[in-house]
Every structure is written in structure tokens, then in C-alpha cells.
Amino acid sequence: METATLTEKVAAKTIPIYIMGKKYEVPETLTIMKAMEHSGYQYIRGCGCRGGVCGACATVYRKAGDYKIYTGLACQTVVEPEMYLTQIPFYPANRAAYDFESAKPTAETVYELYPELFRCVACNSCTKVCPMDVEVLDYISALKRGDLTAAAEISFDCIQCGLCASRCMGEMAQYHMAQVARRLQGGKIAPKAEHLEKMCGEIDAGTFTDVLAEAKKMTVDELKKVYTERELEPHMGADEWTPASNFGLA
Ligand code: FES
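Using the numbering used here, you'd call the opening residue of the sequence shown number 43 and step up by one each time.
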């Protein structure tokens with residue numbers, strides 16, 4: 043009898059999963075997203091980066107014999123035998139509209155936009171469900187006491203998948219609240235980065251216009267060449283620096 047090749051052995055290893063109640067056999071190494079595609083489903087929505095950063099692919103599942111509801115990102119979660127799953131293409135959650143320019147970077151702004159913040163019963167379901175391990179309840183508590191900076195920092199890894207809102211006992215949209223905090227923090231509370239302002243001023247003043255025009259005329263290979271050959275940390279004085287030298291064009 044012939045011995046199966048390694049490829050055949052690997053290819054043969056499938057497990058049963060249930061997608062919206064229907065049973066499929068899929069390779070055990072696939073993510074939920076790939077297992078669904080392997081089973082014939084096509085993603086029109088509910089799929090974006092495929093790399094765990096866009097938050098589009100929130101998924102819900104149970105395992106046979108286990109009472110718990112599990113959640114995760116379909117592009118990151120590997121299938122398990124007897125997994126019962128479905129996708130959440132979009133979870134409705136109210137998002138308040140506001141004018142960022144006139145919004146004050148204060149707790150009151152958040153309170154006015156999201157008064158439901160105080161419906162939080164501190165059940166911690168939001169934190170448990172977060173696929174990014176964000177301490178959701180902690181940033182909600184920070185918002186309640188008016189600490190926008192803390193809320194912005196704690197929620198920094200949020201990818202807006204909406205799973206926190208899907209499990210919230212207070213029926214809130216935590217991730218939208220945190221986004222307001224991050225915007226106010228980044229735009230109006232955090233100190234300005236002087237080097238960034240300087241660079242933006244130089245862009246506005248047309249410092250890079252000529253060098254950009256020159257780069258636009260190059261072929262892809264020429265661009266690659268000047269890019270790979272550029273000096274990463276130029277050893278030159280400020281008076282020797284030119285826009286062209288910054289891009290490896292001189
Ligand atoms: S597709 Fe972007 S997080 Fe999964």
C-alpha cells in the first residue's frame with residue numbers, strides 16, 4: 043500500500059463546522075473567514091483588511107456542548123470542530139453627529155452626545171467580548187469621570203468592530219464614545235507636534251513641489267532605485283539639507 047504524501051495527509055484533515063445551521067467539512071487550519079469561503083459563501087460585506095485591523099468581520103459562535111456565546115474576528119479566529127457560527131455583517135449602533143471644529147474638548151461634550159453613557163451597569167460584558175483585549179469598561183469609567191485622555195489611551199487599540207455594543211446591557215455604543223474621546227484628545231488636548239507643524243508649513247510653502255514633480259516623471263524602477271539608495275539618516279547639517287536630498291534625489 044502506498045504511503046500518503048505529506049500534502050495528502052494535510053489536505054485530508056478536515057473538521058465539521060456549522061454555518062448558519064448547515065454542516066460543512068473544512069480544513070482544520072482555516073480561519074472562520076476562509077472556512078466560509080471554502081464552503082461556498084462569498085463576502086460582499088463584513089470583510090475588509092483580512093488582517094485583524096479593520097473591524098469589519100465580527101463573528102459569533104457557540105461550540106457543541108458549551109453554553110457560552112463566543113465572539114471574535116472571522117479573519118483571525120481559527121475554526122474548531124463542531125463550531126456553530128454566523129457572521130455579524132453590521133451591528134446597528136447609534137453614532138452621534140457633531141461639528142468637530144466647534145466641539146469643546148470637555149467631558150460635557152461626550153455627555154451631551156452620548157447621555158446613555160450613564161446607563162452603563164458595569165457588567166463588564168463589553169470587555170469580555172472585545173477581540174482586541176481593550177479594557178472597554180475601564181474607558182467607559184474614564185469617560186464617566188470626565189477623563190478624556192485616559193479614555194483615549196485605554197481605547198487606543200479599538201478597531202470599531204462593534205462587538206462591545208452587541209453585548210451591552212445598557213444598550214450603548216461604547217466604541218463610538220471612545221472615538222469622540224480619541225478625536226478630542228488627538229486634535230485638541232494633546233500637545234502639538236512641532237516638527238509636524240513645521241513640515242506641514244513647508245509643504246504648504248511649496249518646498250516639495252519641484253521634487254515631487256521630478257519624482258512623478260520617474261519610472262517605477264527609477265523610483266525604487268532612489269528610494270532604496272537614499273540615506274536613511276543623513277549625516278548633514280541643517281544648512282546642507284534640501285528637499286531633494288530627503289528623497290534621495292540629490
Ligand atoms: S477583515 Fe478586517 S478585521 Fe477581519
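Using N, Cα and C, we set each Cβ at its ideal position, and we do this for glycine too. Everything numeric in this text was worked out from a predicted model, so none of it was measured.
Which word fits residue i, buried or exposed, when buried means at least 16 other C-beta atoms lie within 10 angstroms of its C-beta?
i	result
Y217	buried
R209	buried
G107	exposed
M43	Reliability of the predicted coordinates at M43 is poor, the pLDDT of 45 falling under 50, and no value is obtained from them.
Y103	buried
Y140	exposed
I182	buried
V178	buried
C91	exposed
C165	exposed
Q129	buried
L238	exposed
T261	exposed
When you measure from the CB of residue i to every non-hydrogen atom of the ligand FES, does any distance come out below 7 Å?
i	result
R92	yes
G204	no
G98	Sequence inspection shows Ala at residue 98; the Gly mentioned does not correspond to that position. Yes, Cβ of A98 sits closer than 7 Å to a heavy atom of the ligand FES.
A116	yes
C200	no
C89	yes
V152	no
V95	yes
Taking the alpha-carbon of residue i as reference, which of the options has the nearest alpha-carbon?
i	options	result
P69	K186, Q84 and P123	P123
T191	A232, E143 and R209	A232
N136	K234, Q221, D252 and K258	Q221
C200	A215, G188, M211 and K186	A215
A138	T148, P157, Y126 and K146	P157
F142	A223, F198, C117 and E213	A223
I61	Y126, V121, C99 and K76	Y126
A145	V176, G229 and K55	G229
Would you mind reading off the limits of the beta strand (DSSP E) that contains residue i?
i	result
E67	K64 to P69
Y112	Y112 to L115
T56	T56 to I61
T128	M125 to Q129
K105	A100 to K105
How far does the alpha helix (DSSP H) with residue i in it extend, from its first residue to its last?
i	result
M241	E236 to D246
V171	S167 to V171
D141	Counting along the chain, D141 falls outside any alpha helix (DSSP H), and DSSP gives it neither H nor E.
Y109	No alpha helix (DSSP H) contains Y109, which DSSP labels as neither H nor E.
Can you find at least 3 beta carbon pairs, one from the stretch 157–173 and one from the stretch 195–214, that sit closer than 8 Å?
yes
Please confirm if the stretch 149–165 is in contact with the stretch 77–96, defined as three or more CB-CB distances below 8 Å between the two stretches.
no
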